[in-house]
Amino acid sequence: MDKSKIKSSIIILLAVVNVCLLALVFSDNTETRKARLYRQEALEAVFAENGIAFDPATAIPDTAPPLMTLRRDVETEEKSFRALIGRASVEDQGGNVFFFLGTAGQAQSRGTGEFELMLLEADPIAAGKDAVSAAEAAMKKLGYECADIAPAVTWDSSSTLVTLVCAQDGIPVRNARISFYFLAGRLQTISGAGPLDKKIAASAAADYPDGITVLMKFLELINQTGRVCGRVNGVGVEYVMSSAVSGSCTLRPVWHIEADSGSFFIDAATLKEENIEASA
117 MDKSKIKSSI
127 IILLAVVNVC
137 LLALVFSDNT
147 ETRKARLYRQ
157 EALEAVFAEN
167 GIAFDPATAI
177 PDTAPPLMTL
187 RRDVETEEKS
197 FRALIGRASV
207 EDQGGNVFFF
217 LGTAGQAQSR
227 GTGEFELMLL
237 EADPIAAGKD
247 AVSAAEAAMK
257 KLGYECADIA
267 PAVTWDSSST
277 LVTLVCAQDG
287 IPVRNARISF
297 YFLAGRLQTI
307 SGAGPLDKKI
317 AASAAADYPD
327 GITVLMKFLE
337 LINQTGRVCG
347 RVNGVGVEYV
357 MSSAVSGSCT
367 LRPVWHIEAD
377 SGSFFIDAAT
387 LKEENIEASA
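Residues 117 to 396, numbered by the working numbering, are exactly what the sequence shown covers, in order.
Shown next, in the form of structure tokens:
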């Protein structure tokens, strides 16, 4: 057999192998989806037997994100603050507290991720925008990711306070919140605590219980405590931030189950209930 025929045969053989592999992958994915659907239907049936309904739109995530460790980086902080207060001098005030004095404002930050920022000049961010849009634009300039959670907004005749929840890689960080204070339509101060600057480690999430297991634990919790729950309106995964003055923080995954009787939070690793809203 000449070389061209051998080459053609090899190409055909590889093509057949690829088609077979794709068929196997497709078949495996199909079986996985069927198994997941079957488990969810079985879960909903068990909940129904216990008098708890599921919102038809409720999607149950497969698993929780990995536990993540972040650290502070003062140079990154300075760059972020500079986007709002202009070129700044930096003063180390001790205790891992830094003060930034800029041409258009000043800021002070701590190793825990907490900070306060004051604008000394009229800011261009709020011009022509409503308070929420202006707050989101300022948050982006500071380098924080905004969670897909409705902002908390309070106002009176002359001032507005907008509080946004931070996110990390698309996952809301429940207790990382930034507040934006507007007076007479002008953004004056920003304060709060967000995730730190540099990702240094992320654990594997493969060993976490899946969403079905977590919801069965939730049902067990409801039955054991005697709490009332008639409907599950949503299921999601979020992070809870724990920070140290030394300049590191841990983002720990939790499950957030939204029911008609309130919010429930369950640790992704231990499956223990947590009272997060009270401490956030």
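C-beta: ideal position from N, C-alpha, C; glycine also.
None of these values were measured; they are calculated from a predicted model.
Simplified DSSP state of T219, which is helix, strand or coil: For this step, residue 219 is matched to residue 103 along the sequence shown. DSSP places T219 in the coil class of the three-state scheme, outside both helix and strand.
Measuring alpha carbon to alpha carbon, tell me which residue in F170, T305 and T279 is nearest A268. As a position in the sequence shown, residue 268 is number 152, starting the count at 1. From the listed residues F170, T305 and T279, the smallest Cα separation to A268 is found for T279.
Determine, using beta-carbon pairs with one atom in the segment 185 to 204 and one in the segment 226 to 238, whether at least three such pairs fall under 8 Å. yes
Where does A309 land, buried or exposed, given buried means 16+ other C-beta within 10 angstroms? Here the question's residue 309 lines up with position 193 in the sequence shown. Classification of A309: buried, given that the 10 Å Cβ count is 16 or more.
Nearest by alpha-carbon distance to R293: which of P325, M234, M357 and V361 is it? Within the sequence shown, residue 293 is the residue found at index 177, counting from 1. The shortest Cα separation from R293 among P325, M234, M357 and V361 belongs to M357.
Distance check for S273 and R347, CA to CA, integer angstroms please. As a working note, residue 347 is residue 231 in the sequence shown. As a working note, residue 273 is residue 157 in the sequence shown. When rounded, the distance between both Cα atoms is 39 Å.
Just to confirm, is the Cβ distance from M234 to Q304 under 8 Å? Here residue 234 refers to the residue found at position 118 when the sequence shown is read from its first residue. Here residue 304 refers to the residue found at position 188 when the sequence shown is read from its first residue. A contact, by the Cβ cut-off of 8 Å.
Kindly list the residues whose CB is nearer than 7 Å to the CB of L337, restricted to its own chain and excluding five residues on each side of it in sequence; keep chain order. Taking the first residue of the sequence shown as position 1, residue 337 is located at position 221. Taken in chain order, the residues that qualify are E389.
Helix, strand or coil: how does DSSP classify T179 here? Walking along the sequence shown from the start, residue 179 turns up at place 63. Reduced to three states, the DSSP call for T179 is coil.
How is the alpha helix (DSSP H) around K314 delimited, first residue to last? Taking the sequence shown and counting its residues from 1, the one referred to as residue 314 is at position 198. K314 -> not in any alpha helix (DSSP H); beta strand (DSSP E) instead, spanning K314 to A318.
Could you give the DSSP three-state label for N291: helix, strand or coil? Residue mapping note: residue 291 aligns to position 175 of the sequence shown, counting from 1. Looking at N291 - three-state DSSP - the assignment turns out to be strand.
Would you say T192 and D313 are within 8 Å of each other, going by their C-beta atoms? Position 76 of the sequence shown, counted from the start, is the residue given in the question as residue 192. Position 197 of the sequence shown, counted from the start, is the residue given in the question as residue 313. It is a contact, given that the beta carbons lie within the stated cut-off.
Where the beta strand (DSSP E) through N349 begins and ends: For the purposes of this step, residue 349 is taken as residue 233 along the sequence shown, with counting starting at 1. Segment R347 to A360, the beta strand (DSSP E) holding N349.
Span of the beta strand (DSSP E) around T77: Residue 77 is absent from the structure shown; the chain starts at 117 and stops at 396.
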